[in-house]
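Asker: Sharing a structure below in structure tokens format, with a few things to ask.
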Amino acid sequence: MHTSEMAGMNERISRLRKQTFETQPSLSIERALIETRFYKENEGKYPIPVLRALNFLEICKQKTIYIGDDELIVGERGPAPKAVPTFPELTCHSVEDLQILNSRELQRYTISQEDIDTYAREVIPYWKGRTQRERIFNHVPEEWRKAYENGMFTEFMEQRAPGHTSLDKKVYQYGLLDLKERIAGELKRLDFQNDPEATDRQEELTAMSISCDAAIIFAERHADLAEQMATEEKNPQRAAELRKIAEVCRWVPAHAPRTYWEAIQMYWFVHLGTITELNGWDAMNPGHFDQHLAPFYEKEVAEGSLTRDEAKELMSCFFVKVNNHTAPPKVGITAKESGTYNDFTNLNIGGIRADGRDGVSEVSYIMLEVVEELHILQPGSSIHISARTPDRFLKAGCNVIRKGHGYPSVFNPDVYVQELVRQGKTLEDAREGGCSGCIEVGAFGKEAYVLTGYLNVPKILEVTLHNGVDPVSGEKLGIETGDPTSFRSYDELYAAFLLQLNYFVDMKVRVSNYIDRMFAKYAPAPFLSLFIDDCIAKGKDYYNAGARYNTTYIQCTGLGTITDSLSSIKKHIFEDKRFSMQEMLYAIDSNFEDMEPMRQTILNRTPFFGNNDPYADEIAVQVYNDLYDAIEGRPNTKGECFHLNMLSTTCHVYFGKVMNATPNGRMAHRAISDGTSPSHGADRNGPSAVIQSLGKLDQAKSGGTLLNQRFLPSLLKKEEDINKLASLIRSYFALGGHHIQFNIVDTKTLLDAQKRPEEYRDLLVRVAGYSDYFNDMNADLQADVIMRTEQEEL
Amino acid sequence: MTATIFDIKRYAINDGPGIRITLFFKGCPLSCLWCHNPEGISPRKEKLYTRKKCLGCQLCVEKCPENALTFTSEGILTDPAKCTVCGICADHCPSLAMQLSGEEYTIDRLMQEIEKETLVMDRSEGGVTFSGGEPFMQPKALLELLRRCGKRGIHRTIDTTLFVKPDILQEAIPETDLFLVDLKQMDSSKHQYFCGTSNERILQNIRLLASSKAKYIIRIPLIEGVNADKENIEETAAFLATLNRKPQYVDLLPYHDIGRSKHDKRGSTYNPTNINMQAPSEEKLARCRELFEKHGIAVHIGG
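The listed protein sequences derive, respectively, from chains A and B.
So for the first sequence, our numbering puts the first residue at 1; every next one is plus one.
So for the second sequence, our numbering puts the first residue at 795; every next one is plus one.
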């Protein structure tokens, strides 16, 4: 073992970590002011792609440049760490929005009254009626708006631009000057005589070329500042570092990086450019960062020009940079949908290479060490475990999981490569892919994979059970599929559910396609397009089918809740005739008031998903396949189609809030199940049963599933426990699992488990020769487990 | 053929190597004061009642054919004179506050349950553990399961007190991959007092295991006030040192009183003798470890 593996953070990194950890996110109006002034003067003078590129250039020329003490990797989107810009061209915050953001308790963004006044005077009036959000909402049909407002689905693009972009190795192979040359070549080849799109291509390519200039100027300004700071710096060591920073920024991104340091700085400038140009979902992602950096690292370590410690320090500096970039806040009260500072940069560690070989390198281990030592919110991290990934790497990952920071999550390249190939990617492009954001996968550097929003699947059943009416709002959201008390069989009910499902998917697809064109037309992203094959070759924007692959997803949420609800109806109403449909409807409409025995009977005597019980699992498989059939293959606007995705992020909480009680005994307004995980507390047979239930879904048909597993820290106490966790992961992946994540339960969770036992029935207590669940223990013993958990947290 | 099982635990990670499925056989010849599975002691089915889960709906009172149940401010009370442990109350209880412990399984059904875990067992080099209670209390079923698992190549562990007739043990040895043997107290009269039986047969069977080819591990629940005294530990170590084949290691399991909540459910009293049972200190654990290691016996600290 390297001695440095034990050394932990050095002083520089401790200070940087402390700073990024403690800095309160704030709103910066700088970007909005530069942009608004630019638009006032120039809107209408240029074709839209060129206008967007010139706007980006203006920001790069004018924005405040920041280089902090101790920093080695430089560049901030805002004027200072965690100073978050706004994007009024997408969605313009009102004065009230800004005041709420400044004063709310959770996920607060501070802003001065002076800045709010300036915003009200300079920014808001100009953008009124010009934002993407207004363009979208002016178009949407009434039935869409009603369904949207009542939580049937969300719409990603109403506040942010389509994103989910991860980059590939090109970033490290070509400088922006190289790209400019290639663009110039494409411009020369344009065929105005025969190609009706030549004009569009010319506009887009011109915009791309301007974007290159913008990013080079942005880097040069950092070099200038670093040089100036170096002359004023009294500490000779820091002065030397500043001169080195200047040297690096003079070279990248204009040229391809030559060293590990330059490679990281190169990526960081590209990252900053994309998130300054527009505010895409999710922020940006270097993809297989370890694989990209490994050749630089190996060469320099062999030459003796880089040590492992130096490489780790630079990696840590990069992590701090990502953490400095808090997600831009949503407008107004809709922020409650997903209030998070996280902008979902997800580092893929390990995995396989484009040639199919193992992608783990020393840089992978360095990254895992940094994940563990820094344990900051961002970047997120995931380990990618193929059948050929060495156990040593998996165990190193499991040892970080054990620390309970919630990271890394674990992905299975052997399955997601299948997913991508099934959608039509080449094998090599698929292998260079991975996950970005949460659990969604794509071909890195070659794909625009647009997530359009979450679909509240249990709510579709809720509406089905009320003949098209949403019982929460009383509004008619769906179609009339019959009074459920008239259904004579489970199959009749299920058929009605499918009709409603298709109705809502139709509705969602129609608006998604409209929004897609809105972005293609009004908000192209020429800088981002530089890094996505084959935008330059096609002369087309990332948002306008420039990418080699163009996929669109609808994310279906609540598989566990819908399965368990259908299972409950099938078993208790149609098979055992324990309850009538009227009773069930009364129970869910009244939130089981005074019907606790009925609710407990449902909770305890219904086959639930996640127990390796064929009764429930077959229902889950059917629902999953029907979701697939409802979504898969619907054309998008880019010549490709929609696919099924099963992620939920935190939306299952919002979706639960807008729902009454459900037939699986879930109380009104409680969260629905997340991703493809079992409903909270429904899995009572341990993780080996959970993975086998999930293994019955043909996951390769989706663009990602999500499995969260809760573990008490005592399940991961010994070294052997790590081996067992590793074999559990290997088992799930052998069954075709896409993703698994372990949440090591903390004391707060256990205290909640005491209050809401039904949602935590899965918490196992594992003691030699002893069998029990946390919930089944008496209060004293629970207190004991909580106390021990607390000690382990210290 | 059937076996009475009171629990099946999956993802069992402390009952032998790898990830295991553990079957808890009902019935035990010992009745240790600290027993954490007290519902496993009686070979018969028994009723468990968890008051905090009880909704007070009184469906059980209504359904009991023997009128054995009454609803009081203390929850449901069962008149043991009337109760026939028929299980009707448990069948109707919505919240599983009333449960029947002990279910009869055919060997086929148990094999199906075991084989559900094949993938995870294979990947982790785990298997099945027969625990309890005392699995040897149901020797026919146990031997049949051992043989059938053996044919399927499933790793078999028995977690046992070894309070069993030697000829049955002899029969089990070739069909068992690992024995986890509880050894609680070397002094037979003390063993009688704490565990309800003398220990001669147990010690004899350990010698028998040691002279066979069986792999075995000795597990000692280490309890201040019962067996953590220097004298007992020294005697235990000396005994193990004299064996033909020493155990793979000794697993010291520091005392916990986790079984307490199960006594609440049974309406029985935990540690009725009020002996002051305590977990050993870290120093004590370290000293015990040294004592065993001095005799050339490896030690693991479990729990």
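The beta carbon of each residue, even a glycine, is placed where N, CA and C say it ideally should be.
So, helix, strand or coil for residue 174 (chain A), using DSSP?
Answerer: Here residue 174 (chain A) is taken as the residue at index 174 of the first sequence, counted from 1. Correct three-state label for residue 174 (chain A): coil.
Asker: Keeping to the same chain, check which residues put their C-beta closer than 8 Å to that of residue 602 (chain A); ignore five residues upstream and five downstream.
Answerer: Position 602 of the first sequence holds residue 602 (chain A). Same-chain partners within the cutoff: 568, 572, 663, 664 and 665.
Asker: Taking the alpha-carbon of residue 991 (chain B) as reference, which of B:821, B:1060 and B:825 has the nearest alpha-carbon?
Answerer: Taking the second sequence and counting its residues from 1, one reaches residue 991 (chain B) at position 197. Minimum Cα distance to residue 991 (chain B) is reached at B:825.
Asker: Ends of the alpha helix (DSSP H) at residue 601 (chain A)?
Answerer: Position 601 of the first sequence holds residue 601 (chain A). Residue 601 (chain A) -> alpha helix (DSSP H) spans 596-605.
Asker: When you compare each of A:697, A:144, A:365 and A:36 to residue 118 (chain A) by their alpha carbons, which one comes out closest?
Answerer: Locating residue 118 (chain A) in the first sequence gives position 118, counting from the first residue. The option with the nearest alpha carbon to residue 118 (chain A) is A:36.
Asker: Strictly by DSSP, which residues pair up with residue 84 (chain A)?
Answerer: As a first step, residue 84 (chain A) must be located in the first sequence, where it is residue number 84. Residue 84 (chain A) pairs with A:27.
Asker: Are the stretch 276-288 of chain A and the stretch 254-262 of chain A in contact at 8 Å, needing three or more beta carbon pairs?
Answerer: Too few Cβ pairs lie closer than 8 Å, so no.
Asker: Go ahead and pull the three-state DSSP assignment for residue 476 (chain A).
Answerer: Taking the first sequence and counting its residues from 1, one reaches residue 476 (chain A) at position 476. Looking at residue 476 (chain A) - three-state DSSP - the assignment turns out to be strand.
Asker: Does residue 777 (chain A) come within less than 7 Å of chain B when only Cβ atoms are used?
Answerer: To locate residue 777 (chain A), count along the first sequence from 1; it is residue 777. True, the Cβ-Cβ gap to chain B drops below 7 Å.
Asker: Below 8 Å on the Cβ atoms is my guess for residue 482 (chain A) versus residue 467 (chain A); work out the distance and round it to an integer in Å.
Answerer: For the purposes of this step, residue 482 (chain A) is taken as residue 482 along the first sequence, with counting starting at 1. For the purposes of this step, residue 467 (chain A) is taken as residue 467 along the first sequence, with counting starting at 1. Rounded, the Cβ-Cβ distance is 6 Å, consistent with contact.
Asker: Looking at the C-beta of residue 649 (chain A), does it have a partner C-beta in chain B at a distance below 7 Å?
Answerer: As a first step, residue 649 (chain A) is located in the first sequence; it is residue number 649 there, counting from the start. Judged by the 7 Å Cβ criterion, residue 649 (chain A) is not in contact with chain B.
Asker: Within 10 Å of its beta-carbon, does residue 1057 (chain B) have 16 or more other beta-carbons around it, so buried, or fewer, so exposed?
Answerer: To locate residue 1057 (chain B), count along the second sequence from 1; it is residue 263. Answer is buried; the Cβ neighbour count reaches 16.
Asker: Per DSSP, what kind of secondary structure is residue 92 (chain A) in: helix, strand or coil?
Answerer: Along the first sequence, one-based indexing puts residue 92 (chain A) at 92. Residue 92 (chain A): coil per DSSP, three-state reduction.
Asker: Just mark residue 878 (chain B) as buried or exposed, buried being the case when its beta carbon has 16 or more other beta carbons within 10 Å.
Answerer: By 1-based counting over the second sequence, the position of residue 878 (chain B) is 84. It counts as exposed.
Asker: Taking the straight line between their C-alpha atoms, what separation do you get for residue 746 (chain A) and residue 715 (chain A)?
Answerer: Mapped onto the first sequence, residue 746 (chain A) falls at position 746. Mapped onto the first sequence, residue 715 (chain A) falls at position 715. Spanning the two alpha carbons is a distance of roughly 13 Å.
Asker: Run down chain B in chain order and give the residues with a C-beta less than 7 Å from the C-beta of residue 600 (chain A).
Answerer: In the first sequence, counting from the first residue as 1, residue 600 (chain A) sits at position 600. Near residue 600 (chain A) (Cβ distances below 7 Å), the residues of chain B are 849, 888 and 889.
Asker: Of the residues A:141, A:68 and A:131, which one's Cα is nearest the Cα of residue 158 (chain A)?
Answerer: Taking the first sequence and counting its residues from 1, one reaches residue 158 (chain A) at position 158. The option with the nearest alpha carbon to residue 158 (chain A) is A:131.
Asker: State yes or no: is the C-beta of residue 110 (chain A) within less than 7 Å of the C-beta of residue 26 (chain A)?
Answerer: Counted from its first residue, the first sequence places residue 110 (chain A) at position 110. Counted from its first residue, the first sequence places residue 26 (chain A) at position 26. Yes, these two residues count as a Cβ contact at 7 Å.
Asker: Counting only Cβ pairs nearer than 7 Å, list the residues of chain B close to residue 688 (chain A).
Answerer: As a first step, residue 688 (chain A) must be located in the first sequence, where it is residue number 688. Ordered by position in chain B, the residues that pass the 7 Å Cβ test against residue 688 (chain A) are 804, 805, 813, 911 and 914.
Asker: Taking 7 Å as the cut-off, decide whether the C-beta atoms of residue 806 (chain B) and residue 816 (chain B) are in contact.
Answerer: If you number the second sequence from 1, residue 806 (chain B) lands on position 12. If you number the second sequence from 1, residue 816 (chain B) lands on position 22. Cβ distance < 7 Å, so residue 806 (chain B) and residue 816 (chain B) count as in contact.
Asker: Using a Cβ distance threshold of 8 Å, determine whether the stretch 934-952 of chain B contacts the stretch 826-846 of chain B, with at least three qualifying pairs required.
Answerer: Result no; under three Cβ-Cβ pairs closer than 8 Å.
Asker: Have a look at B:913, B:1069 and B:909 and flag the residue whose alpha-carbon is nearest the alpha-carbon of residue 1020 (chain B).
Answerer: Along the second sequence, read from residue 1 onward, the residue named residue 1020 (chain B) stands at position 226. It is B:1069 whose Cα lies nearest to the Cα of residue 1020 (chain B).
Asker: Can you check which of these residues, A:341, A:610 and A:389, is closest to residue 323 (chain A) by C-alpha distance?
Answerer: Position 323 of the first sequence, counted from the first residue, corresponds to residue 323 (chain A). Taking only the C-alpha atoms, the option nearest residue 323 (chain A) is A:341.
Asker: Could you tell me which residues DSSP puts in a beta bridge with residue 442 (chain A)?
Answerer: Mapped onto the first sequence, residue 442 (chain A) falls at position 442. Residue 442 (chain A) pairs with A:434.
Asker: Quick one: what's got a C-beta closer than 6 Å to residue 501 (chain A)'s C-beta in the same chain, skipping five residues either side?
Answerer: Within the first sequence, the letter at position 501 stands for residue 501 (chain A). Only 460 and 630 meet the Cβ criterion.
Asker: Determine the closest residue to residue 598 (chain A) out of A:564, A:584, A:607 and A:53, with distance taken between C-alpha atoms.
Answerer: To locate residue 598 (chain A), count along the first sequence from 1; it is residue 598. Measuring from the Cα of residue 598 (chain A), the nearest candidate turns out to be A:584.
Asker: Using 7 Å as the limit for Cβ to Cβ distance, is residue 1058 (chain B) near chain A?
Answerer: Numbered from 1 along the second sequence, position 264 holds the residue referred to as residue 1058 (chain B). At least one chain A Cβ lies under 7 Å of residue 1058 (chain B).
Asker: Note down, in chain order, all residues in the stretch 718-751 of chain A with a beta-carbon under 8 Å from any beta-carbon belonging to chain B.
Answerer: Within the stretch 718-751 of chain A, the residues whose Cβ lies closer than 8 Å to some Cβ of chain B are 720, 721, 723, 724, 727, 728, 730, 731, 734 and 735, listed in chain order.
Asker: Counting only Cβ pairs nearer than 8 Å, list the residues of chain B close to residue 797 (chain A).
Answerer: One cannot answer for residue 797 (chain A) here, as it falls past the ends of chain A, which runs 1 to 794.
Asker: Across which residues does DSSP place residue 449 (chain A) in a beta bridge pair?
Answerer: Looking up residue 449 (chain A) in the first sequence gives position 449. According to DSSP, residue 449 (chain A) bridges with A:551.
Asker: Express the C-alpha separation of residue 566 (chain A) and residue 560 (chain A) in angstroms, rounding to a whole number.
Answerer: Looking up residue 560 (chain A) in the first sequence gives position 560. Looking up residue 566 (chain A) in the first sequence gives position 566. When rounded, the distance between both Cα atoms is 10 Å.
Asker: What are the uninterrupted segments assigned as beta strand (DSSP E) that are 3 or more residues long and contained completely in the stretch 700-735 of chain A, given in chain order?
Answerer: Listed in chain order, they are 708-711.
Asker: Along the chain, where does the beta strand (DSSP E) that runs through residue 805 (chain B) open and close?
Answerer: Residue mapping note: residue 805 (chain B) aligns to position 11 of the second sequence, counting from 1. Element bounds for residue 805 (chain B): 796-806.
Asker: Below 7 Å between beta carbons is the criterion; list the residues of the stretch 914-944 of chain B that meet it against any residue of chain A, in chain order.
Answerer: So the close ones are 914, 917, 918 and 925.
Asker: Just to confirm, is the Cβ distance from residue 645 (chain A) to residue 741 (chain A) under 7 Å?
Answerer: Here residue 645 (chain A) refers to the residue found at position 645 when the first sequence is read from its first residue. Here residue 741 (chain A) refers to the residue found at position 741 when the first sequence is read from its first residue. Going by C-beta atoms, residue 645 (chain A) is not nearer than 7 Å to residue 741 (chain A).
Asker: Does DSSP classify residue 775 (chain A) as helix, strand or coil?
Answerer: Counted from its first residue, the first sequence places residue 775 (chain A) at position 775. In the structure shown, residue 775 (chain A) sits in a helix (DSSP, three-state: H, G or I).
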